[in-house]
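Start counting at 1 in the sequence shown, then tack on 421, and there's your number in my numbering.
Below you'll find the structure, written out as structure tokens, and then a few comments.
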Amino acid sequence: MLGPGVVGTWVWDDNILIVGNQSVRAPGSWLRFFTTDFWDVSSGVREGARYYRPLISTLYALQFKLFGESPLEWHLVSLAVHLACVGLSLRWLRARLGDTPSAAWGALLGAAAFALHPSRPESVSWISGSTDLWAALFTLVALNVWVTRRDLRGAVLATLSLLAGFFCKEAVVAAPLVMVTDAWLLPRVGDRTIERRFSLGVFGVIGAAFALRLALLRPPGSGLAEGARGGISRVLSSLGHFVRLVVVPWPTTAFPATQSFEADGRVHYATWSIALGALTLIAVGYAAWRAQKRSTWRPWLADALVFLVLLAPVLNVVPLRLLTLVSPRFLYLPLIGVAALLARAITVALEHERASRAVVLGVPLVLAGAWGVTSLDHAGHFLSNETLWTYETELDPGNPHALDALALVRSRQGR
């Protein structure tokens with residue numbers, strides 16, 4: 422990502438949301454970002470979109486004022502935000518695991534996994550994908566406050582950070598639940614009263630922001646009624662695809678689970694993905710049962726719940742009705758839970774008497790290296806619209822979105 426990730430041009434939705442968006446180009450219209458849909462751009466409102474992300478639109482406008490149409494500076498900002506998120510993830514993991522040499526190694530390798538996982542290029546190398554970067558940045562600030570201090574000043578800072586993250590992406594609404602599960606499962610930083618007030622304060626502000634968002638714009642999708650139809654299979658399949666993307670992130674693609682809707686709106690979900698999603702929930706349920714009996718299971722359950730809770734808003738409980746059921750960029754923030762599980766496993770293994778230090782450290786280092794090489798290669802696919810859509814059509818010749826996009830690129834080239 423340090424190479425191809427910063428030399429690319431505008432791709433995919435960049436031209437609609439940024440370059441060709443008169444609201445972003447005209448500073449006088451910045452206030453309208455707080456009363457309109459994220460996709461209410463000069464070229465028209467995208468059908469079915471109901472996203473409220475006023476802070477991201479404001480950040481776009483501010484960067485456009487500073488950098489104009491030169492994509493290099495935009496890419497450098499995305500890279501800087503990603504590196505800041507990596508630093509915050511390392512700090513959060515250190516605070517979560519304790520102050521021991523083994524924990525330091527675990528946190529370092531966990532942060533490396535968070536930094537280099539092949540799901541990263543879509544957020545870091547695609548300028549419009551920075552939505553997830555900014556949302557994660559503000560959320561990680563709040564989570565760091567949560568593990569280090571729980572006083573009035575900390576409550577205000579965490580709340581404001583989560584509020585900023587929520588105005589970057591709606592999925593941040595789930596972040597306060599991470600604070601609740603951590604307070605329940607992990608050793609307490611302060612007394613119960615302070616934690617309760619802290620949690621209620623954060624919930625109250627984020628809840629009010631969510632109510633404002635609902636008053637201005639309905640959520641994406643067609644609502645809870647549609648979400649109830651075929652909901653279990655859709656949610657389990659979404660979870661299964663995300664778990665597969667975490668464990669086996671190959672081949673890299675922006676469309677890992679392309680959907681084709683039938684006339685009545687139904688879509689077929691892969692049996693393996695439903696089974697994998699169900700197995701994941703069973704495993705977490707088993708960990709919860711064990712945590713009731715043995716306290717040593719509680720930190721593992723807390724880490725797993727970080728992943729599940731932060732992933733919940735994009736599990737299609739209410740169908741998002743995107744071309745792809747899941748997207749790698751949706752993993753950007755939830756992967757912090759996987760990093761925590763990996764860091765804890767390394768820490769425990771290093772503290773075991775018979776563990777081989779070379780093996781315990783070598784395996785995740787090799788894995789991180791493989792992920793880094795894959796991410797670097799995938800970042801190169803975002804150099805231009807032609808490289809991106811040529812790659813996607815070669816990977817899946819039946820992808821209608823990629824075919825349409827590549828046809829448009831070729832037609833503009835007179836080919």
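We put the CB at the ideal spot given by N, CA and C, even for glycine.
Computed from a prediction, not measured in an experiment: that's the story for all the values here.
Using three-state DSSP, classify residue i as helix, strand or coil.
i: V739; result: coil
i: T679; result: strand
i: D461; result: strand
i: T745; result: strand
i: L645; result: Bear in mind that the predicted position of L645 carries a pLDDT of just 42, short of 50, making it unreliable; the figure below should be weighed with that in mind. Residue state, collapsed to three classes: helix.
i: E774; result: coil
i: L514; result: helix
i: P672; result: coil
i: W555; result: helix
i: G586; result: helix
i: R750; result: helix
i: D435; result: helix
i: R765; result: helix
i: P734; result: helix
i: R541; result: coil
i: R453; result: helix
i: T430; result: coil
i: G758; result: helix
i: D798; result: helix
i: G793; result: helix
i: G783; result: helix
i: L575; result: The residue asked about is misnamed: residue 575 is Gly in this sequence, not Leu. Looking at G575 - three-state DSSP - the assignment turns out to be helix.
i: F628; result: According to the sequence as given, residue 628 is Gly; it is not Phe. In this structure, G628 counts as helix in the three-state DSSP scheme.
Within its chain, find whatever has a CB closer than 6 Å to the CB of residue i; leave out the 5 residues flanking it on each side and keep chain order.
i: A823; result: W810, E813 and T814
i: L697; result: G661 and V664
i: V669; result: none
i: R750; result: E543, S544, G550 and D553
i: S643; result: No answer about S643 holds up, because its pLDDT of 47 lies below 50 and its placement is not dependable.
i: V402; result: The chain is shown only over 422 to 836; residue 402 falls outside these bounds and no answer can be derived.
i: R711; result: W718
Please list the terminal residues of the continuous alpha helix (DSSP H) segment that includes residue i.
i: I548; result: Where I548 is concerned, there is no enclosing alpha helix (DSSP H), given that its DSSP letter is neither H nor E.
i: I653; result: G652 to V668
i: Y812; result: N806 to L816
i: Q443; result: Q443 to R446
i: G531; result: P522 to L537
i: R833; result: P821 to R833
i: W605; result: A596 to L606
What distance in whole Å lies between the Cβ atoms of residue j and residue i, which are believed to be in contact at a cut-off of 8 Å?
i: S523; j: D435; result: 43 Å between Cβ atoms; not a contact.
i: A760; j: A532; result: 7 Å
i: S546; j: A826; result: Going by Cβ atoms, the distance from S546 to A826 rounds to 17 Å, so no, they are not a contact pair.
i: P720; j: L606; result: 7 Å
i: L509; j: V562; result: 7 Å
i: L584; j: V626; result: 6 Å
i: L736; j: S659; result: 5 Å
i: E807; j: V830; result: 5 Å
i: V432; j: I439; result: That pair is no contact at about 11 Å.
i: T795; j: W671; result: 7 Å
Please work out which residues of its chain come closer than 7 Å, Cβ to Cβ, to residue i, disregarding the five sequence neighbours upstream and downstream, and give them in chain order.
i: A649; result: Residue placement at A649 cannot be trusted, given a pLDDT of 46 that sits under 50; what the coordinates show is reported in the next sentence. For A649, where only same-chain residues beyond five positions count, there are no Cβ hits under 7 Å.
i: L743; result: none
i: V427; result: L493, H496, L497 and L500
i: A725; result: V705, A708, G758 and L762
i: R474; result: F459, T552, F588, C589 and K590
i: A557; result: C506, Y753 and L754
i: V594; result: F587, I627, F631 and P734
i: R655; result: Y690, N737 and P740
For residue i, I'd like the list of residues in its chain whose CB is within less than 8 Å of its CB, leaving aside the five on either flank, ordered along the chain.
i: V566; result: G575, L578, A579 and S582
i: W526; result: I767, T768, L771 and L782
i: A629; result: none
i: V568; result: W513, A516, R517, D603 and V610
i: A592; result: A556, L731, P734, V735, F751 and L754
i: L530; result: L763, A764, I767, L782, P785, L786 and A789
Please specify which runs of the alpha helix (DSSP H), each continuous and at least 4 residues long, are wholly inside the segment 680-731, giving them in chain order.
Qualifying alpha helix (DSSP H) stretches, in chain order: 692-714.
To test your reading of the DSSP string, which unbroken alpha helix (DSSP H) runs of 4 or more residues are found completely within the segment 462-512?
DSSP runs (the alpha helix (DSSP H)) wholly in the segment 462-512: 475-488.
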